[in-house]
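J.: Residue numbers (this note's numbering): 311 to 733.
Built from N, CA and C at the ideal position, the CB exists for glycine as well.
(1) What is the rounded straight-line gap between the Cα of residue 423 and the Cα of residue 498?
(2) In the DSSP assignment, find the alpha helix (DSSP H) that holds residue 431 and state where it starts and stops.
(3) Label residue 541 either buried or exposed according to how many other C-beta atoms from any shown protein chain fall within 10 Å of its C-beta, with 16 as the threshold for buried.
(4) Could you round the C-beta distance between residue 520 and residue 412 to whole angstroms and report it? I think they count as a contact, below 8 Å.
(5) Alpha carbon to alpha carbon, what distance is there between residue 576 and residue 692?
(6) For residue 317 and residue 672, what's the separation of their Cα atoms in angstroms?
(7) Could you work out which residue in 723, 374, 537 and 377 is closest to residue 560 when comparing CA atoms only?
(8) Any idea what DSSP makes of residue 479, helix, strand or coil?
(9) With a CB to CB cut of under 6 Å and the five nearest residues on each side skipped, what residues in its chain are close to residue 373?
(10) Which term fits residue 586, buried or exposed, when burial requires 16 or more other beta carbons within 10 angstroms of its beta carbon?
(11) Mapping DSSP to helix, strand and coil, what is residue 517?
(12) Counting Cβ pairs closer than 8 Å, one from the segment 399-413 and one from the segment 361-371, do we hit at least three?
(13) Whose C-beta lies closer than 7 Å to the C-beta of residue 627 among residues of the same chain, with five residues either side of it excluded?
(14) Could you check what DSSP says for residue 332 in three-state terms: helix, strand or coil?
(15) So does the segment 660-676 actually touch the segment 694-706, counting three or more Cβ pairs closer than 8 Å?
(16) If you drop the 5 nearest sequence neighbours on each side, which residues of the same chain put their C-beta closer than 7 Å to that of residue 482?
(17) Would the segment 429-445 and the segment 517-533 be scored as touching if the rule is three or more Cβ pairs under 8 Å?
(18) Could you spell out the range, first to last residue, of the beta strand (DSSP E) harbouring residue 726?
(19) Can you give me the C-alpha to C-alpha distance between residue 416 and residue 328, rounded to a whole angstrom?
(20) Where in the segment 654-689 do unbroken runs of the alpha helix (DSSP H), each at least 4 residues long, occur, reported from the N-terminal end onward?
(21) Are residue 546 and residue 720 closer than 7 Å when you measure CB to CB?
(22) Quick check on the burial criterion: 16 or more other C-beta atoms within 10 angstroms. Buried or exposed for residue 537?
(23) Who are the Cβ neighbours of residue 512 in its own chain at under 6 Å, not counting the five residues just before and after it?
(24) Which residues in the same chain as residue 592 place their Cβ atom closer than 7 Å to its Cβ, once the five residues preceding and following it in sequence are excluded?
(25) Could you tell me which residues DSSP puts in a beta bridge with residue 592?
(26) Which residue's Cα is closest to the Cα of residue 420: 526, 494 and 718?
(27) Do residue 397 and residue 472 have their beta-carbon atoms positioned less than 7 Å apart in this structure?
(28) Can you list the beta strand (DSSP E) stretches of 3 or more residues lying completely in the segment 331-419, in chain order?
(29) Determine the extent of the beta strand (DSSP E) in which residue 551 is found, giving its start and end residues.
(30) Output the distance between the C-alpha atoms of residue 383 and residue 508, rounded to the nearest integer angstrom.
(31) Under the assumption that residue 567 contacts residue 618 (Cβ atoms under 8 Å), give the Cβ distance between them as a whole number of angstroms.
(32) May I ask you to report which of helix, strand or coil DSSP gives residue 648?
(33) Between the alpha carbons of residue 705 and residue 689, how many angstroms are there, rounded?
(34) In this structure, does DSSP put residue 474 in helix, strand or coil?
(35) By alpha-carbon positions, which one of 551, 487, 351 and 325 ends up nearest to residue 731?
(36) Which same chain residues end up closer than 8 Å to residue 432 when comparing Cβ atoms and leaving out the 5 residues on each side of it in sequence?
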């Protein structure tokens with residue numbers, strides 16, 4: 311399939327910036343997508359959340375671009391833009407009509423090379439408040455909002471870089487200094503620690519010229535060392551009870567699994583789909599439709615550069631027991647392990663995954679981001695076919711094997727219950 315075989319050109323500037331160009335003249339748009347190879351995993355305890363804070367700071371203006379002008383210039387050009395932070399990376403992206411490509415590249419280069427002269431205490435104080443309020447609104451004061459934090463802080467040991475949330479702990483967010491932020495930028499926001507994708511309606515030679523023009527003279531800092539994260543196991547099953555301002559009880563069950571693109575990663579994705587990916591999925595049919603003990607149920611395999619985990623989540627219907635839901639979850643997992651799955655089940659799951667994947671590639675933003683993602687994890691931007699083939703090659707025996715290898719191990723069980731419930 312031609313859609314899954316994208317032609318590209320990859321090269322490096324003399325300062326170490328990786329550049330990936332993909333031409334598609336069938337659309338009048340061009341996407342600029344830059345990944346800095348730094349996320350919350352590169353932080354230290356006591357200063358968690360600084361990678362996410364820095365995502366905010368990158369929109370506060372640079373030496374030649376005043377605060378908020380970045381947004382205004384792109385939007386007035388008819389484009390869109392944003393950024394995001396994860397455990398492993400921080401990315402920034404624009405999508406513009408093709409004749410505004412140079413504008414987007416200049417804006418990205420200016421904040422890569424010239425952010426520090428525009429950095430001041432007022433901007434830091436302002437964004438610290440913004441991030442702290444975001445933390446309060448989306449986590450501390452949101453029903454079930456602390457679930458992810460409670461899971462990862464108990465699932466991963468305290469030395470693991472995934473053992474704190476990307477947004478950071480509340481007390482850490484208040485502690486950032488101008489020196490912290492400047493030091494973070496100098497260490498990680500460097501051409502040698504970034505990859506730039508330009509995709510869409512572009513002229514290759516002209517784009518190379520513009521990239522060199524704006525990025526070529528930016529100096530690289532010292533090379534960022536790869537994290538050395540020892541493997542570890544969860545030695546015992548742990549149950550956490552968290553009282554929250556909620557109406558309905560919810561249970562989370564989470565096991566340690568595999569890193570991104572490791573051999574069982576795709577199989578675990580398929581397992582999550584078989585269990586709860588649709589209304590035809592096993593747990594959905596059992597818990598929601600047949601027994602009517604759950605309002606909803608979901609499952610997912612999270613995988614990053616330094617670890618992964620598999621999680622099942624179910625919200626109880628009023629008056630229904632989390633113990634009953636837990637028992638049914640393990641009964642269904644055991645059914646797959648002992649009886650297996652039908653060929654039709656597996657085929658339906660694979661078809662759904664393939665359909666969603668191919669549909670997503672009709673979005674230029676997604677294509678650009680995937681080129682960067684594959685480059686980051688696999689060192690091969692054109693890994694679309696490889697990625698999909700990971701799922702196509704999964705057999706019924708692999709599904710049973712991952713259950714035995716991971717879902718029979720110790721796990722974290724989190725129960726979120728109403729504050730007024732008597733334990």
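T.: Working from what's here:
(1) Along the chain shown, one-based indexing puts residue 423 at 113. Along the chain shown, one-based indexing puts residue 498 at 188. Answer to the nearest angstrom: the Cα atoms are 12 Å apart.
(2) Walking along the chain shown from the start, residue 431 turns up at place 121. Under the DSSP assignment, residue 431 falls in the alpha helix (DSSP H) whose first and last residues are 431-445.
(3) By one-based count along the chain shown, residue 541 stands at place 231. Exposed.
(4) As a working note, residue 520 is residue 210 in the chain shown. As a working note, residue 412 is residue 102 in the chain shown. Sure, about 5 Å apart at Cβ, within 8 Å.
(5) In the chain shown, residue 692 corresponds to position 382, counting from 1. In the chain shown, residue 576 corresponds to position 266, counting from 1. So the two alpha carbons sit approximately 18 Å from each other.
(6) If you number the chain shown from 1, residue 317 lands on position 7. If you number the chain shown from 1, residue 672 lands on position 362. Between residue 317 and residue 672, the C-alpha separation is close to 16 Å.
(7) Indexing the chain shown from 1 puts residue 560 at position 250. Looking at the Cα atoms, 723 is the closest of the given residues.
(8) For the purposes of this step, residue 479 is identified with residue 169 of the chain shown, where counting begins at 1. Residue 479 falls in the coil class under three-state DSSP.
(9) Looking up residue 373 in the chain shown gives position 63. For residue 373, where only same-chain residues beyond five positions count, the Cβ hits under 6 Å are 424, 427 and 428.
(10) On the chain shown, residue 586 is found 276 positions in, with the first residue counted as 1. So residue 586 counts as buried.
(11) As a first step, residue 517 must be located in the chain shown, where it is residue number 207. Note: residue 517 maps to helix in three-state DSSP.
(12) Counting Cβ pairs under 8 Å, three or more are found: they touch.
(13) Within the chain shown, the letter at position 317 stands for residue 627. Excluding residues within five positions, the ones whose Cβ falls inside 7 Å are 602, 603, 604 and 605.
(14) Taking the first residue of the chain shown as position 1, residue 332 is located at position 22. Looking at residue 332 - three-state DSSP - the assignment turns out to be strand.
(15) yes
(16) Taking the first residue of the chain shown as 1, we reach residue 482 at position 172. Only 356, 357, 358 and 359 meet the Cβ criterion.
(17) Pairwise C-beta distances place the segment 429-445 out of contact with the segment 517-533, as fewer than three of them are shorter than 8 Å.
(18) For the purposes of this step, residue 726 is identified with residue 416 of the chain shown, where counting begins at 1. It spans 722-728 - the beta strand (DSSP E) in which residue 726 sits, taken as one unbroken run.
(19) Taking the chain shown and counting its residues from 1, the one referred to as residue 416 is at position 106. Taking the chain shown and counting its residues from 1, the one referred to as residue 328 is at position 18. Approximately 16 Å between the Cα atoms of the pair.
(20) 674-688
(21) The sequence position of residue 546 within the chain shown is 236, counting from 1. The sequence position of residue 720 within the chain shown is 410, counting from 1. Yes, they are a contact pair.
(22) On the chain shown, position 227 is the one that residue 537 refers to. Residue 537 comes out exposed.
(23) By one-based count along the chain shown, residue 512 stands at place 202. Closer than 6 Å at the Cβ level, and outside the excluded window around residue 512, lie 333 and 340.
(24) In the chain shown, residue 592 corresponds to position 282, counting from 1. Taken in chain order, the residues that qualify are 584, 585 and 642.
(25) Here residue 592 is taken as the residue at index 282 of the chain shown, counted from 1. None, per the DSSP bridge assignment.
(26) Within the chain shown, residue 420 is the residue found at index 110, counting from 1. Comparing Cα-Cα distances from residue 420 to each of 526, 494 and 718, the minimum goes to 526.
(27) The residue labelled residue 472 in the question sits at position 162 within the chain shown. The residue labelled residue 397 in the question sits at position 87 within the chain shown. Yes.
(28) 339-346, 390-395 and 400-407
(29) As a position in the chain shown, residue 551 is number 241, starting the count at 1. Where residue 551 is concerned, the enclosing beta strand (DSSP E) stretches over 548-554.
(30) Along the chain shown, read from residue 1 onward, the residue named residue 383 stands at position 73. Along the chain shown, read from residue 1 onward, the residue named residue 508 stands at position 198. So the two alpha carbons sit approximately 19 Å from each other.
(31) Looking up residue 567 in the chain shown gives position 257. Looking up residue 618 in the chain shown gives position 308. Sure, about 5 Å apart at Cβ, within 8 Å.
(32) Along the chain shown, read from residue 1 onward, the residue named residue 648 stands at position 338. When secondary structure is reduced to three states using DSSP, residue 648 falls in the helix class.
(33) As a working note, residue 705 is residue 395 in the chain shown. As a working note, residue 689 is residue 379 in the chain shown. Their backbone Cα atoms lie some 27 Å apart in a straight line.
(34) To locate residue 474, count along the chain shown from 1; it is residue 164. If DSSP states are grouped into helix, strand and coil, residue 474 belongs with coil.
(35) As a first step, residue 731 must be located in the chain shown, where it is residue number 421. The residue with the shortest Cα to Cα distance from residue 731 is 551.
(36) Your numbering for residue 432 matches position 122 in the chain shown. Here the set comprises nothing.
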